[in-house]
Amino acid sequence: MFNKWKSTFSIPLYKWVPLIYLTLLAISCSDKPSAEFVFRYSNEQPKDALRSKSMIFFKDQLEKRSNGRIKVDLFFGGVLGNERELMDFVLTGVLQGTRGGYFADANPKFMLFTLPFLVDNWDQAQRLVQSEFAMEINKGARKWGFHVPAIGISQGFRAHTNNKKPIKHPDDLKGLKMRVPSQEVYIETSKA
Numbered sequence: 596m597f598n599k600w601k602s603t604f605s606i607p608l609y610k611w612v613p614l615i616y617l618t619l620l621a622i623s624c625s626d627k628p629s630a631e632f633v634f635r636y637s638n639e640q641p642k643d644a645l646r647s648k649s650m651i652f653f654k655d656q657l658e659k660r661s662n663g664r665i666k667v668d669l670f671f672g673g674v675l676g677n678e679r680e681l682m683d684f685v686l687t688g689v690l691q692g693t694r695g696g697y698f699a700d701a702n703p704k705f706m707l708f709t710l711p712f713l714v715d716n717w718d719q720a721q722r723l724v725q726s727e728f729a730m731e732i733n734k735g736a737r738k739w740g741f742h743v744p745a746i747g748i749s750q751g752f753r754a755h756t757n758n759k760k761p762i763k764h765p766d767d768l769k770g771l772k773m774r775v776p777s778q779e780v781y782i783e784t785s786k787a
C-alpha cells in the first residue's frame, strides 16, 4: 500500500502542470460579474472616526457612479501600517489611496500648513485649505508621484495646549515641555 502511495507522488512534475492549470482556470471562472478595478483605500483611524466615514462615503459613491466597475476595499485602524507606511504603499501601488496627515511625503510644501500661529480661527483655516494656493500645493504632489484631490481640517488644526499658561504668542512656548508629532516643523517649533 505504501509503495502505491509513493508511486502516485513520484509522477514527474510536468505531468501535474496541466491538472494544476485546469484547476486554477476552473476556480477563476465564475458567472458572477466582478469589478474591472479594485481601489484599495486605508487609514490609521478606527472605522467610526470622521476620516473613516468619509472613506465609506467615497466607497459608496465610487462604486455607485462606476456601475460596479470599480470596487473599493477599505482598511481601517492601521491594519496595513502607520501613516508613513500607507503613503509608501500608495507610492508603490499597493494601495490606491489613504487618509492621513503625513502629506509632506507627497509634497514638502504641505508642511506650510503645519506652521504655528498660521491661522487664528476655523474660518481662516477653511479659507486656506480651499484656496488656490492650497490647490497648487496639491497639484505639486504629482511631482512626487501622488494625486491629492483635496485637503481639509476634519480633525482640526494643531493646537498647543498645556496646564501651565495660555499660548498666544511663540514666546509663550518657552520653558514648556511639549509632545509633538515626529515631523520636522513640529519638532523645530517646540525647540524654538
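Take the sequence shown: its position 152, counted from the start at 1, is 747 in our numbering, and no numbers get skipped.
Ideal placement from N, C-alpha and C gives every residue a C-beta, glycine not left out.
Exercise. My understanding is that Arg-660 touches Phe-632, with C-beta atoms under 8 angstroms, so please give their C-beta distance in whole angstroms.
Key: Not confirmed; about 13 angstroms, so no contact.
Practice problem: Please say whether Tyr-697 and Leu-669 have beta carbons closer to each other than 7 angstroms? | Solution: no
Self-check item: Per DSSP, cross-strand counterpart(s) of Ile-665
Solution: Phe-632
Quiz prompt | Own chain, CB closer than 7 angstroms to Val-724, minus 5 neighbours either side, in chain order | solution = Ile-746, Gly-747 and Ile-748
Practice problem: Using a threshold of 7 angstroms, state whether the C-beta atoms of Glu-639 and Glu-678 are closer than that. | Solution: yes
Exercise. Mind checking which residues open and close the beta strand (DSSP E) that includes Thr-693?
Key: 692 to 694
Quiz item: At least one CB of chain B closer than 7 angstroms to the CB of Glu-678: is that the case?
Solution: The question asks about chain B, but that chain is absent: this structure has only one protein chain.
Quiz item: Which residues in the same chain have their Cβ closer than 7 angstroms to the Cβ of Ala-729, if we skip the five residues on either side of it in sequence?
Solution: Leu-723 and Ile-746
Self-check item: Beta-carbon contacts of Gln-721 that lie in its chain and below 7 angstroms, excluding the five residues immediately before and after
Solution: Ile-748
Quiz item: With distances taken between CB atoms, is the gap from Gly-735 to Asn-702 smaller than 7 angstroms?
Solution: yes
Quiz item: For Ser-637, which of helix, strand or coil comes out of DSSP?
Solution: strand
Practice problem: Leaving aside the five residues before and after Val-775 along the sequence, list all residues of the same chain whose C-beta is less than 8 angstroms from its C-beta, in chain order. | Solution: Tyr-781, Ile-782, Thr-784 and Ser-785
Quiz item: How about Met-682 and Asp-655: are their beta carbons less than 7 angstroms apart?
Solution: no
Self-check item: Assigned secondary structure, Phe-653 (DSSP; H/G/I helix, E/B strand, else coil)
Solution: helix
Quiz item: Taking Cβ positions, are Ser-649 and Phe-671 nearer each other than 7 angstroms?
Solution: no
Quiz item: By Cβ distance, which residues of its chain are closer than 7 angstroms to Lys-704, with the 5 residues on each side in sequence left out?
Solution: Ile-732 and Gly-735
Quiz prompt | Identity of the residues DSSP links to Phe-670 by a beta bridge | solution = Ser-637
Quiz prompt | Whole-number beta carbon distance between Phe-634 and Leu-686, since they are thought to touch under 8 angstroms | solution = Not really, about 16 angstroms apart at Cβ, beyond 8 angstroms.
Self-check item: Delimiting residues of the alpha helix (DSSP H) encompassing Tyr-781
Solution: 779 to 786
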